[in-house]
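The opening residue of the sequence shown carries number 88 in our numbering; numbering runs sequentially from there.
From the three backbone atoms N, C-alpha and C, an ideal C-beta is built for every residue, glycine too.
Read through the structure below, which is laid out as structure tokens, and then see the notes.
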Amino acid sequence: MNASLDILPLSSWINTEGKPLVIAGPCSAETEEQMLETASQIKKEGFAHVLRAGIWKPRTRPGSFEGMGEAALPWLQAAKKETGLPVAIEVANPQHIELALKYGVDILWVGARTTVNPFNVQELAEALRGVDVPVLVKNPVNPDLQLWIGALERLNQAGVKKLGAIHRGFSNAQETKYRNSPMWNIAIELKTLFPELPVIGDPSHMAGKRSLLFEIAQRALDLNYDGLIIESHRDPDKAWSDASQQLTPPALAEMLHELHVRKESYPTDYQSQLEVVRGKIDNLDRELLENLANRMSLVEKLAEYKRDNNVAAYQVDRFREVLDTRAAWGKSLNLYPALVDELFKLVHMESIRKQTEVMNQINA
Ligand code: PEP
Ligand code: MN
């Protein structure tokens, strides 16, 4: 399906002075004091453009802390007034939107558990019709790019033009080192389909623990993300939600300081060096394809021989041998094993397809 989004650039609704957007704040607003203290520390460190806080918390199991609700909105208002920073919260239904706007919330985000449900997203979209507020859409909990795109489209079609995506990772079927697996390729595909769409990384919810935050944040910047949303709490270990992934504002400042922000374009001498290397890569790719074409003509010969001797196109022993020898050759060339394995599975599949085609053509 062809897709396009009619959106305004990030710079039209927030000034980050050319730097990646940083949204920071506690997972949840817990008490007025916690909110104000955390906000003022964040302001003091000077790295953030926006304050975040969870007001209504979508929890997997009942009985966990589900957020302070409307009572916390005046605290956010106070934090905004004290720091001068715009504030962002998650909204999951039209009533949340109404309250957020009533209390002067500047930016809304749609949580991962809401993005999965098109009925729910459509209700939000209707409630946002005619409202000029930026909305960020977290990826759905399950790795489904179409659902993510669908949510962005529903909001966009309701007139939300200050739109962005938050990549927070996808829930795991198996145990992994991540709380939510990044599956970077899904976000990269989103960026490729919608180059104008701001994409913000959420290392906190991918990591689930402090020790992983840096590498994930760096990866997001390496992929040229437009910003980061990271949880920060004045006393992380005592946080009422997501305690193990939050950083104190000073620790977050230090981490952000260590990150390398990659340039979007290159100075001219780099540009020409880059072009030389890219030219070499183009040549090698051409050779790679020529080799594949040569290989395919040999496969055709093989098919004719098999046909004349009435031999099946596929022999399991040969397939194993191909995979094993190539794996060993790849290893000696320091190639990533999965690359070699996938590549030769594909090549072999195409070889079988070609052979059956040749055999059937002659038989017909
Ligand atoms: C959050 O940002 O605190 C949150 C609940 O995130 P997600 O929707 O990504 O789980
Ligand atoms: Mn959280």
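If the five residues before and after P145 are omitted, its C-beta is found closer than 6 Å to the C-beta atoms of G198, R200, all from its own chain and listed in chain order. For E213, the closest C-alpha among the options K131, N180, R373, L299 is that of N180. With contact defined as three or more Cβ pairs closer than 8 Å, the region 370-378 and the region 427-438 are not in contact. Under a 10 Å Cβ-count criterion, F281 is classified as buried, with 16 or more other Cβ atoms of the shown protein chains found around its own Cβ. Counting of Cβ neighbours within 10 angstroms places N421 among the exposed residues, the total staying below 16. Counting of Cβ neighbours within 10 angstroms places G366 among the exposed residues, the total staying below 16.
Closest in C-alpha terms to D289, from the list P323, H254, D428, E276, comes H254. N267 is bridged by DSSP to S258.
Residue pairing of E124 in beta bridges, as defined by DSSP: absent, with no partner found. Taking a cut-off of 5 Å from the heavy atoms of the ligand MN, the residues with a C-beta inside it are C114, D329. Relative to the Cα of G154, the nearest Cα in the group V178, F257, P173 belongs to V178.
Counting only residues of its own chain and dropping the five nearest sequence neighbours on each side, L310 has a CB closer than 7 Å to the CB of W271, I275.
Taking C-alpha positions only, W143 is separated from Y401 by approximately 57 Å. Put simply, the region 219-238 touches the region 249-265. At least three CB pairs are less than 8 Å apart. Not one heavy atom of the ligand PEP falls within 8 Å of the beta-carbon of S319.
Taking a contact to require three or more Cβ pairs closer than 8 Å, the region 346-353 and the region 131-140 do not qualify as touching.
Looking from the CA of S298, the closest CA among L284, S268, Q332, D313 belongs to Q332. Sequence-distant partners of M342 (beyond 5 residues in either direction) whose C-beta falls short of 6 Å from its own C-beta, in its chain, are F301.
Distance from the Cα of S352 is smallest, within the candidate group D93, I94, G171, G105, for G105.
For I94, DSSP assigns no beta-bridge partner whatsoever.
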